[in-house]
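>
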RNA sequence: GUGCCUGUGGCUCAGUAGGAUAGAGCAGCGGCCUUCUAAGCCGCGGGUCGGGGGUUCGAAUCCCUUCAGGCACGCCA
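Residue numbers (the numbering used here): -9 to 555.
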């Protein structure tokens, strides 16, 4: 059920369907009487009547009954008064019926969505700059699944490029397998940093790197052996992080996978007369569209990022026949995506419109931006460890009797880190602050987990609502605090759809915070213990519904709900 | 220089297909644990929504202009 739509169906307006009405429904400011409002100002222009008059007329047509108990016209608004008891009954019984599946739907049935996210680079640090794409992509992945889409998570590995030549040289000169075995990607990274430092005074190194990269391209045995070794080391470490973040992928096809799939694309573009030579490079001129040209072939014959992305898009369309293909990539690449989407469109791919660049903001450090080459990065695993350590400290202090402290600390610490990447609009830049990530109070994941644990604890102490065979006494939740919460619960599916439509997980984060706040407020006012069975039953139904929302929502964000903390 | 993005209380942000008195969290101050988790709840102070024009019955939200910050603009990805 979609709560807003239910109400919209009870307000009949000529010329508008219930979905349009639902979109126009607004909450009422706190101090004013009523539960929902329909502003009539927009209609005034169409109907050529004053909003005040329209509201008055609408009052007459509203279907008063179980759900709406009163309608009032105030200053051009149609204010709706809900029957709290019946609304509660409707929402709570539906949640009880659906259980964990509450809020899910099948609007995505038979539609495939590809999500290109996280996309780590081989032999490069998994640093906090990668948290955004990983958390956002991971959340979208799970949310689309809830809405019935077939989802393909793709980790488009950065496993191609001249940096691998540098890495091989650095490894051969200054490192060894023993060292890498011990130090992992960090050791590889150190060698890489050293390469850049020494390269400044030794141009011979640059040449060596170039020739080693050539060997990689030519699939030279030694080069491939080393490359695959680097890849193996990286994936082993990265998978540990993905496990901690509750992230998974269906495909790991990276850039090198497409190295032999670019030629047909180039051939097609040439056949369609879209490319031309400019300063020795092959480009697609986009000046008609107010963009700089898209470079596809370097003057030395080498391909570029855009060339590979073209091949990748074609491959994905052919393989998955996607309804949409999302690229969760930082906004620095805005122009790149606009360009290659446009080139696909010019090529005649009608599905170019289904490619979406889900851009997010930059992460920088207090003292400037991170640089892989210079080696000043904040490793994500360090941040996770820090957060878990702090969570454990707090548990020791507040819940020394918990049995599985480490496990819970992991869920809380990691949850806090994930949430920090999902709680703001994705487009906002972030200056990384460990203190902020490690704050476990207020609008944070631990707050949500805490509220969830509270729900679980109430159920544990008082039993499940279905244990009580009497009828629930809904009058015991007939108050505005409870109604606030129940209205939120009733709108969960709407929120998931909104996230899916806008590619914006923060909508869900904010919603969960609101829901938890509403619940905690009610928690302080309404007790369960010691009440009659029928009151207990009604109140437990609210608790259970809240628990279901928090459990489902947290998981959708990739955060583990806990039962105790 | 051109294009795109961002600008809301000390800090971090919600709110933008125009709508009722601009909402939170953190930080500060003051209350609430002899009954279901105080990682919580309640209260107080604090904002010319970057500035200036305009459209409108009504603008944080739309248009113009201006300032500040970020990003991108040909052989990296």
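Don't be surprised by glycine CBs; every beta carbon is placed ideally from N, CA and C.
Every value quoted in this text rests on a predicted model; they were computed, and no experiment measured them.
What number of angstroms, rounded off, separates the C-alpha of residue 332 from the C-alpha of residue 545?
So the alpha carbons of these two residues sit roughly 36 Å apart.
> From what residue to what residue does the beta strand (DSSP E) around residue 299 run?
First-last for residue 299: 295 to 310, but that is the alpha helix (DSSP H), not the beta strand (DSSP E).
> For residue 104, write down the residues that DSSP places opposite it in a beta bridge.
Answer is 142, 315, bridged to residue 104.
> Do the region 222 to 239 and the region 248 to 264 meet, that is, are 3 or more Cβ pairs less than 8 Å apart?
Contact between the region 222 to 239 and the region 248 to 264 is absent, because fewer than three Cβ pairs lie under 8 Å.
> Looking only at DSSP bridge pairs, what is residue 266 linked to?
Answer is 273, bridged to residue 266.
> Among all the DSSP beta bridges, which residues are the ones paired with residue 70?
Note: residue 70 sits in a beta bridge opposite 26, 61.
> Does the pairing of the region 460 to 469 with the region 66 to 76 give three or more beta-carbon distances under 8 Å?
Result yes; three or more Cβ-Cβ pairs closer than 8 Å.
> Taking just the CA atoms, how far does residue 51 sit from residue 42?
So the two alpha carbons sit approximately 15 Å from each other.
> Using DSSP with H/G/I as helix, E/B as strand and the rest coil, what is residue 6?
Three-state DSSP puts residue 6 in coil, outside helix and strand.
> Expressed to the nearest angstrom, what Euclidean distance is found between the alpha-carbon atoms of residue 2 and residue 28?
Those two C-alpha atoms are separated by around 12 Å.
> Go to residue 411, then tell me how far its alpha helix (DSSP H) extends in each direction, as first and last residue.
Start and end: 395 to 412.
> In chain order, what are the residue ranges of uninterrupted alpha helix (DSSP H) at least 4 long that sit wholly in the region 415 to 498?
If we require 4 residues or more, the alpha helix (DSSP H) runs fully inside the region 415 to 498 come out as 424 to 427, 435 to 452, 470 to 479, 482 to 492.
> Under 8 Å between the Cβ atoms of residue 245 and residue 106?
For residue 245 and residue 106, no; Cβs fall outside 8 Å.
> Between the Cα of residue 275 and those of 431, 329, 540, 86, spot the shortest distance and give me the residue it belongs to.
Out of 431, 329, 540, 86, 329 has the C-alpha closest to the C-alpha of residue 275.
> Taking the beta strand (DSSP E) that residue 556 falls in, what are its first and last residues?
Outside the displayed range of the chain (-9 to 555) lies residue 556, so it cannot be described from this structure.
> Closer than 8 Å is the cut-off here; do at least three beta carbon pairs connect the region 389 to 402 with the region 145 to 161?
The region 389 to 402, when compared against the region 145 to 161, does not touch it at the 8 Å Cβ threshold.
> Whole alpha helix (DSSP H) runs in the region 197 to 254 with 4 or more residues, listed along the chain?
Taking only runs of at least 4 residues, the alpha helix (DSSP H) segments lying wholly in the region 197 to 254 are 211 to 235.
> Rounded C-beta distance between residue 135 and residue 142? I'm assuming under 8 Å.
No, residue 135 and residue 142 are not in contact; Cβ-Cβ is about 11 Å, not under 8 Å.
> Would you decide whether residue 493 is buried or exposed? Buried here means 16 or more other CB atoms lie within 10 Å of its CB.
By the 10 Å Cβ count, residue 493 comes out buried.
> Buried or exposed for residue 146, going by 16 or more other Cβ atoms inside 10 Å?
When all chains shown are included, residue 146 counts as buried.
> What separation, rounded to the nearest whole angstrom, lies between the Cα atoms of residue 241 and residue 70?
Approximately 50 Å, taken between the alpha carbons.
> Mind checking which residues open and close the beta strand (DSSP E) that includes residue 285?
Run containing residue 285: 284 to 287, per the beta strand (DSSP E) assignment.
> Output the distance between the C-alpha atoms of residue 7 and residue -5, rounded to the nearest integer angstrom.
Between residue 7 and residue -5, the C-alpha separation is close to 10 Å.
> Buried or exposed, going by whether 16 or more other CB atoms sit within 10 Å of the CB of residue 299?
Buried, by the Cβ-count rule.
> Below 8 Å on the Cβ atoms is my contact criterion, and I expect residue 125 with residue 453 to pass it. Report the Cβ-Cβ distance as a whole number of Å.
The pair is not a contact, with the Cβ atoms about 37 Å apart (cut-off 8 Å).
> How about the region 175 to 182 and the region 113 to 132: do they share at least three Cβ pairs that are nearer than 8 Å?
Cβ pair count under 8 Å is three or more, so yes.
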